[in-house]
Amino acid sequence: SKRGIRADIVRWLCLEGETMELVSRSGIQIFAAMIVGELDMQYSSTLFPLTLQSCFITDTISFKNARLSSLILSGSHVSRILADGLETKNNVLLNKGFESTSEVVFRDAKVGGGFNTTGGIFSNPKGMALGCDRMRVEGSVFISRAETGLRSQFYGEVRFARAQIGSNLECDGGSFENLTGPAIMADTVTTNGGVTLRNGFTAKGEVRFQNASIGTAFDCSHGTFFNPDGKALNAEGARVGGSAFFAGQFKCTGSLHLWGIAVDGGVHCQ
């Protein structure tokens with residue numbers, strides 16, 4: 217391709233000492249290009265943002281234990297992202313038409329801003345579509361529908377077990393499907409804000425928030441939970457600092473488990 221860029225060139229631009237001194241504060245920005253080969257940034261440290269927007273990335277991207285200012289992959293098509301232990305000072309954006317065809321993992325990552333997959337498609341039907349166990353996010357996590365109508369879609373397991381989220385976990389309007397296990401596994405997740413699974417949210421497979429600690433509201437209004445042969449929504453032992461909402465056109469096909477849940481506000485089932 218005339219617009220192809222070798223992945224090792226991108227790495228060189230980010231990490232080579234003499235080159236780094238010439239990069240502006242806006243960082244490396246590449247738009248609508250093909251990135252060829254594996255982009256290996258593991259254990260590296262880059263002071264500026266890395267933006268690969270609307271790009272086609274042919275091979276694995278590795279940010280294991282790397283440090284970045286921010287990571288922006290909005291609208292890009294990728295295969296696999298391995299970002300266990302990544303640290304960013306600002307946002308991670310996998311949104312606005314982002315697509316992946318294998319696992320995307322951010323286990324033990326530390327995100328100084330927000331983590332946003334709104335309008336992205338994550339497809340790994342026989343495994344993990346998005347893995348964020350033990351992630352620490354200073355801001356909110358958005359895995360929801362965009363204002364433009366683009367819907368976050370996940371085919372495979374989505375995991376936020378033991379994650380710590382500084383504000384909200386928002387899944388409004390998102391679509392989650394896993395035929396081999398839980399659609400969402402968020403046991404013992406901690407949020408200072410609320411958890412929203414509402415306004416067109418749909419899940420095929422168990423949605424789990426066992427022993428979660430939710431700072432404000434747990435809102436499932438107008439959400440659809442489908443797991444006819446098992447638990448559709450499981451929030452056993454969760455602690456909710458505000459109210460819990462199972463209202464509007466809330467639909468649960470399968471069992472709803474709320475044993476041991478503690479809700480400081482009201483429980484609304486209109």
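My numbering numbers the first residue of the sequence shown as 217 and each following residue consecutively.
Yeah, the Cβ is synthetic: ideal placement off N, Cα and C, and Gly gets one too.
Within 10 angstroms of the beta-carbon of R414 lie 16 or more other beta-carbons, which makes it buried. Taking the C-beta atoms as reference points, L284 is found nearer than 8 angstroms to T304. Taking 3 residues as the shortest admissible run, the region 328-402 contains the following complete beta strand (DSSP E) segments, listed from N- to C-terminal end: 337-347, 369-375 and 391-393.
In its chain, beyond the 5 residues on either side, S356, G409 and G410 have a beta carbon closer than 6 angstroms to the beta carbon of N384. For L449, the uninterrupted beta strand (DSSP E) segment begins and ends at T440 to N450. The Cβ-Cβ distance between S295 and S318 falls below 8 angstroms.
Rounded to the nearest angstrom, the gap between the Cα atoms of S286 and P398 is 30 angstroms.
Burial is judged here by how many other beta carbons sit within 10 angstroms of a residue's own beta carbon; D403 has at least 16 and is buried. In the structure shown, L309 falls within a strand segment according to DSSP collapsed to helix, strand and coil.
The residue among K447, H473 and H484 with its C-alpha nearest the C-alpha of G453 is H473. With a threshold of 16 other beta carbon atoms within 10 Å, C485 falls short and is exposed. Cα atoms of K342 and E393: separation of roughly 11 angstroms, rounded to the nearest angstrom. In the DSSP assignment, L472 falls within the beta strand (DSSP E) that extends over K467 to H473. DSSP, read as helix, strand or coil, puts L231 in helix.
The beta carbon of L366 sits closer than 6 angstroms to those of G335, all from its chain and outside the five residues before and after it, given in chain order. Assigned with DSSP and collapsed to three states, A433 falls in coil, not helix or strand. Residue environment analysis places A478 among the exposed positions, since fewer than 16 neighbouring C-beta atoms fall within 10 angstroms of its C-beta.
Within the model, the alpha-carbon separation for F358 versus F442 is close to 22 angstroms. DSSP places A223 within a helical segment (H, G or I) once states are collapsed to three.
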